[in-house]
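The structure appears right after this line, and notes come after that.
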Amino acid sequence: MSPAYPWKTVWITGGSTGIGRAAAIQLAAAGVKVAVSARSAEKLQDIGAGITAFPLDVSDAAAAMACVARIESQLGDIDLAILGAGTYAPIDIANLDPVQFGDMVSTNYLGVVNCLAALAPGMLARRAGHVSWIASVAGYTGLPKAAGYGPTKAALINLAESLRPEMARAGVAISVINPGFVRTPMTARNDFEMPFLMTPEDAARRTLAGLKKGQFEIAYPRRFALMLKALRLLPYPLYFRLIDRMVLK
Ligand SMILES: NC(=O)c1ccc[n+]([C@@H]2O[C@H](COP(=O)([O-])OP(=O)(O)OC[C@H]3O[C@@H](n4cnc5c(N)ncnc54)[C@H](OP(=O)(O)O)[C@@H]3O)[C@@H](O)[C@H]2O)c1
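All you need for the working numbering is the position in the sequence shown, starting with 1, plus 47.
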């Protein structure tokens, strides 16, 4: 076991770029065995020593099941899974496309459910393990352009809250990671100012520190997360006035 972290084997989905890749590199540098998944096998190659590629489309439940079996037979039982595979597309109110909404639901939400369903039987039998998924501060409240993405992230927060108590009694930890804006391929196309923008390395450091402490919610930057949580508590007339002024100016 690495002296820095309490896990021998960690699986990261969405591990080829951004936050997932940075977390894989930091864990492997500390001596943890890391399995990384994403659709593109090419982007998973040569991330670093101690990091093994297991290509997977998380929207395919049977493939997720087979992937977990492959990882566990090659690297040993998964102690921690960080489910970060995700996709974002802004919603254009003049062209509401159900396919676009469906893509975000099958990757962001069902992708987590598929991986969790593959991990749970082994972890429950061992009465050990930790599954964490990356939602977003965009899941706290509805935000302009995020009508497709936001609901998937709100669902992920709710999923974690729903499962945490029962899973904890069965010996399995559940937690949720809610980042603010992070400079990754996902946000590279944003044409608006992103407050409190962080590097993926910093996001990964905060994620791993929170996971190590056993926090249920790992939200960062703290100030931005608190601001958005406070927004959720406002009466709607005031809430929409602020959104109009701050976001749609
Ligand atoms: N960046 C931010 O500001 C921010 C803020 C809050 C939350 N988040 C969340 O953090 C997570 C990581 O985001 P990031 O910014 O690091 O994104 P990113 O750099 O765009 O990485 C997304 C990752 O997900 C993989 N992926 C996408 N669809 C997949 C699928 N169907 N099956 C398997 N893998 C898939 C991508 O690889 P392939 O394309 O090869 O599959 C890639 O590895 C996401 O869940 C995102 O929603 C990001």
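We put the CB at the ideal spot given by N, CA and C, even for glycine.
- For M233, the shortest separation between its Cβ and any heavy atom of ligand 1 lies below 7 Å.
- Remark: C-beta atoms of V57 and D126 approach each other more closely than 8 Å.
- For S84, the enclosing beta strand (DSSP E) begins and ends at K80 to S84.
- If you look at I290, you'll find it in the alpha helix (DSSP H) that goes Y283 to M293.
- Between ligand 1 and G61, a heavy atom-to-CB distance of less than 7 Å is present.
- For L103, same chain residues with a beta-carbon under 6 Å away, outside a window of 5 residues either side, are S84, A110 and C114 in chain order.
- If you look at A266, you'll find it in the beta strand (DSSP E) that goes E264 to Y267.
- With fewer than 16 other Cβ atoms from the protein chains shown falling within 10 Å of its own Cβ, M48 counts as exposed.
- Closest in C-alpha terms to V159, from the list G189, I204, A141 and F287, comes I204.
- The three-state secondary structure of T188, taken from DSSP, is coil.
- In this structure, I140 is the residue among I140, G257, A70 and I265 with its C-alpha nearest to the C-alpha of K192.
- Rounded to the nearest whole angstrom, the CA to CA distance from A250 to L130 is 15 Å.
- By the Cβ neighbour-count rule, Q73 is buried, with 16 or more other Cβ atoms within 10 Å of its own.
- Around the Cβ of N225, a 10 Å sphere holds 16 or more other Cβ atoms; the residue is buried.
- For A88, the enclosing alpha helix (DSSP H) covers residues A88 to L91.
- In this structure, Y135 has its beta carbon less than 7 Å from a heavy atom of ligand 1.
- Relative to ligand 1, the beta carbon of T154 is positioned inside 7 Å of a heavy atom.
- Shortest Cα-Cα distance from G78 to any of A215, K90 and P50 involves P50.
- S183 carries a coil assignment under DSSP once its states are collapsed to helix, strand and coil.
- Going by DSSP, L130 is part of the beta strand (DSSP E) stretching over L127 to L130.
- Residues of the same chain with a CB within less than 7 Å of the CB of M112, apart from the 5 flanking positions on each side, are A165 in chain order.
- S87 sits away from L157, with the two beta carbons spaced by 8 Å or more.
- The C-beta separation of M151 from Y196 comes to about 6 Å, placing the pair in contact by the 8 Å criterion.
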